[in-house]
Amino acid sequence: MEDARAALRREREGRTDLDWEEAVRGELEDYYRAGKPPWDTDVTPPELVALVEGPDALPPGRALELGCGTGTNATYLARHGWEVVAVDLIDRAVRQAREKVDAAGAAVQVLCGDATRLDELDVPGPYDLFFDLSCYCGIPPHRRDAYAAGLTRRAAPGARLLMFGYGPEAFDDPISGVTADELRARFAGWETVEVTPGTNEVPTFWFTLRRDSDAFGRR
Ligand SMILES: C[S@@+](CC[C@H](N)C(=O)[O-])C[C@H]1O[C@@H](n2cnc3c(N)ncnc32)[C@H](O)[C@@H]1O
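If you use my numbering, the sequence shown closes out at 505, no skipped numbers anywhere.
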């Protein structure tokens, strides 16, 4: 196993950043082209349901979903009173998300674009909630600061980020994955308020971050 990881790391090191981004995009396109991807369960996770409907539910506001896939959770949020924008990199996913949203009669703006290049999209915010269900953990490391900066610029004071991510151990490629320490270091001006292990066979986590409440306008 270690040999395979070392070989992958060497392969990665020989790639340019752009090669890497294109490889990730190609893999994602292949998944959607092949049919229903393995992550596309049509089920809204209980962690999001708790945030929206639980005893300490957030009041509905404006939400931005990063890596929305086929739109299950954006639809869920809209049906619970949230004003939702949902972004995905892959055109096929976006088309399916729009169909799902329309079929549910929900009002969600679904955009095709890169969660690390939000300035290229019409998503000024501010948002009260960011939701990321295993998008960030697959983003190449050289794009992650841009992801964090994009959310930070669009966060209302006290905004939440609810993120599910696979730990680095879950990947054959040891450079992908996400840890709480990484998020703490990368999301300046945010507090990591909760880290809960997921129930998967490989290491996974639910992270809740909160933007400082006196932070409006600060980058
Ligand atoms: C593991 S899938 C999860 C999809 C969806 N959140 C779900 O759980 O059904 C990751 C999603 O993030 C999208 N994605 C990956 N990198 C992205 C990026 N840089 N910007 C926007 N979306 C991205 C992929 O196309 C894919 O739909």
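We put the CB at the ideal spot given by N, CA and C, even for glycine.
The structure displayed is predicted, hence computed values, not measured ones.
Asked	Found
When you measure from the CB of D374 to every non-hydrogen atom of ligand 1, does any distance come out below 8 angstroms?	yes
By the 10 Å Cβ neighbour count, where 16 or more other Cβ atoms means buried, how is E288 classified, buried or exposed?	Because E288 sits at a pLDDT of 46, beneath the cut-off of 50, its placement in the model cannot be relied upon, and the point is left open.
Taking the alpha carbon of R497 as the reference point, which residue from V310, Y413 and D408 has its own alpha carbon closest?	Y413
Could you pull the start and end residues of the beta strand (DSSP E) that E369 belongs to?	E369 to D374
Check P427 in the structure and name its three-state DSSP category.	helix
Would you call the stretch 331 to 351 in contact with the stretch 299 to 309, where contact means no fewer than 3 C-beta pairs closer than 8 angstroms?	no
Does the beta carbon of D326 fall short of 8 angstroms from some heavy atom of ligand 1?	yes
Comparing alpha-carbon positions, which option in E313, T478 and A389 lies nearest F491?	T478
Compute every distance between the C-beta of L447 and the non-hydrogen atoms of ligand 1, then say whether any falls below 8 angstroms.	no
Tell me whether V329 sits in a helix, a strand or coil according to DSSP, three-state version.	coil
Using a Cβ-Cβ cut-off of 7 angstroms (strictly less than) and excluding sequence neighbours within five positions of V481, which residues of its own chain qualify?	A466, F491 and F493
Would you say the beta carbon of D467 is closer than 8 angstroms to some non-hydrogen atom of ligand 1?	no
Please confirm whether any heavy atom of ligand 1 lies closer than 8 angstroms to the CB of G399.	yes
Considering only residues of the stretch 464 to 503, which uninterrupted beta strand (DSSP E) runs meet the minimum length of 3 residues and lie entirely inside it, listed in chain order?	476 to 483 and 490 to 497
Out of G411, A379, V373 and L495, point me to the one whose CA is closest to A320's CA.	A379
If you drop the 5 nearest sequence neighbours on each side, which residues of the same chain put their C-beta closer than 6 angstroms to that of A360?	E351, C354, V370, A372 and V394
By Cβ distance, which residues of its chain are closer than 6 angstroms to Y317, with the 5 residues on each side in sequence left out?	P323
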